[in-house]
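Worksheet for the structure shown next.
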Amino acid sequence: MLKRYCIRIMMTCLLAIALCVTWNAFTGVSLLEIVKKYEGTSAKEVHAAEVKRNVAPSKEVINALEQANDWSKYRSIEMTATGYTSGIESTGKRPGHPEYGITYSGVKAKRDLYSTIAADLRVFPIGTILFVPGYGYGVVADKGGAIKGNRLDLYYDTVKDVYSQWGKKKVNVYVVKVGNGKFSEEELTMLNQDETMQVFRGQYLKQR
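Reminder that position 174 of the sequence shown reads as 174 in UniProt numbering, one-by-one numbering, no gaps.
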């Protein structure tokens, strides 16, 4: 009986191999290529869903955040700020890459009430919280080869957002808190879910 089962399994495997060979001969496309294409499409869909869930603060919300504090109490420093995305144009990585959308600190790049930004870690350590007028709160979670000295890279979900909402600007940023070199996903979530921030989130959701 065991021998019969082994023969059936062997015949099934041979049939599967024959079908694969026949498919490849008629279409010129291997099943492995189809699987890879599916995985790539799935990764893009997941990324698109994540982008849709993120809260990208509107100009009105950013202005409200700016007016909610007396920024003269904080140390300010002039920086040249540019924008970047998780895409190949900024990072050289595509959806499906294991490090796509992951910052140097290990947290996922995010545009929210508190967004992830890149800086020269000799100037601002990982975990440093800055307020960038016209952009909002940014937490240093990343670095970049071209980000040296008084330069920042502000995260946006798309290239279109980079060019339409920011581009390249010189701006006085405010140092809210100096980081200790570490930052986690849990800390970013806590910042964005802080009760004092929910009124601004509510304003944003009403405008959608």
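Glycine is no exception: its CB is placed at the ideal position from the N, C-alpha and C atoms.
Asked	Found
Which residue from G101, Y174, D161 puts its Cα closest to that of D70?	Y174
State buried or exposed for R75, treating a residue as buried only when at least 16 other CB atoms are found within 10 Å of its CB.	exposed
Could you say which of D157, I117, Y137 lies nearest to I147 if we only look at CA atoms?	I117
Would DSSP call D189 helix, strand or coil?	What sits at residue 189 in the sequence shown is Thr, not Asp. Correct three-state label for T189: helix.
Taking 6 Å as the limit between beta carbons, can you name the residues of its chain near K168, skipping five residues before and five after?	T82
For my contact list, L154 and G144 are in at a C-beta cut-off of 8 Å; report their separation, rounded to the angstrom.	Actually they do not touch by this definition, with Cβ atoms about 11 Å apart.
With a CB to CB cut of under 8 Å and the five nearest residues on each side skipped, what residues in its chain are close to I77?	N150, N172, V173, V175
Along the chain, which unbroken stretches of the beta strand (DSSP E) at least 3 residues long are found entirely within the stretch 54-101?	75-84
Mind checking which residues open and close the alpha helix (DSSP H) that includes V162?	159-165
Contact defined as beta carbons within less than 8 Å: I believe N180 pairs with G127. What is the distance between those atoms, to the nearest angstrom?	6 Å
Report buried or exposed for I88, applying the criterion of at least 16 other Cβ atoms within 10 angstroms of its Cβ.	exposed
Quick check on the DSSP output: the beta strand (DSSP E) that includes L113 runs from which residue to which?	First-last for L113: undefined, no H or E at that position.
Tell me the rounded alpha-carbon separation between A64 and R201.	11 Å
For A68, is the classification buried or exposed, using 16 other Cβ atoms within 10 angstroms of its Cβ as the cut-off for buried?	exposed
Within 10 angstroms of the Cβ of D194, are there 16 or more other Cβ atoms? Answer buried if so, exposed if not.	exposed
From T189 to Y114, what distance separates their C-alpha atoms?	9 Å
Kindly indicate which three-state DSSP category I126 falls into: helix, strand or coil?	coil
Quick one: using the 10 Å Cβ neighbour count with 16 as the cut-off for buried, is I129 buried or exposed?	buried
CB V178 to CB P98, shorter than 8 Å?	no
Where T80 and T103 are concerned, what is the direct C-alpha to C-alpha distance, given to the nearest angstrom?	20 Å
According to DSSP, is V173 helix, strand or coil?	strand
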